[in-house]
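Residue numbers (my numbering): 208 to 344.
Structural data, given as structure tokens:
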């Protein structure tokens, strides 16, 4: 319900969409941390990598499919791609990291974050640390 009110405020009040979208992003990030730590008791620092991979999934769909005439379908495809990228990463990382306990688990998830940071900055897949540039058509 709170997300719906936040979305309504962002749509109704001119100039508040960016603020509302950032608030929603940080609320979702906090919920991801709360869900994992609350359910398992593990301190997880890898949620940043999962959010980043999901964000890149959405950005890839918007960047590549906007001119294809799909309309709002681009957002649906973007959410599906974001979920798929995050699920694939979680299966790969979880197969190894969930065998660890305590501080070793936390260190492994920090390693996942740093590994993805170096991968994104070093590889020119999505323009490295410059990111994707979106322009209004």
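Heads up, the beta-carbon is just placed ideally off N, CA and C, and yes, glycines get one too.
Alpha carbon to alpha carbon, how far is residue i from residue j?
i: residue 302; j: residue 227; result: 36 Å
i: residue 281; j: residue 341; result: 15 Å
i: residue 218; j: residue 229; result: 14 Å
i: residue 287; j: residue 278; result: 16 Å
i: residue 244; j: residue 317; result: 15 Å
i: residue 326; j: residue 216; result: 37 Å
Among the options, whose alpha-carbon lies nearest the alpha-carbon of residue i?
i: residue 252; options: 236, 277 and 216; result: 236
i: residue 289; options: 247, 260, 317 and 208; result: 260
i: residue 255; options: 276, 323, 294 and 215; result: 323
i: residue 240; options: 295, 313 and 224; result: 313
i: residue 315; options: 222, 249 and 220; result: 249
Can you say whether residue i is buried or exposed, counting buried as having 16 or more other CB atoms within 10 angstroms of its CB?
i: residue 265; result: buried
i: residue 284; result: buried
i: residue 304; result: buried
Tell me which residue opens and which closes the alpha helix (DSSP H) that residue i is part of.
i: residue 270; result: 254-272
i: residue 294; result: 280-304
i: residue 324; result: 310-329
i: residue 247; result: 224-247
i: residue 212; result: 209-219
Please list, in chain order, all residues of the same chain as residue i whose beta carbon is under 8 Å from its beta carbon, the five residues on each side excluded.
i: residue 309; result: none
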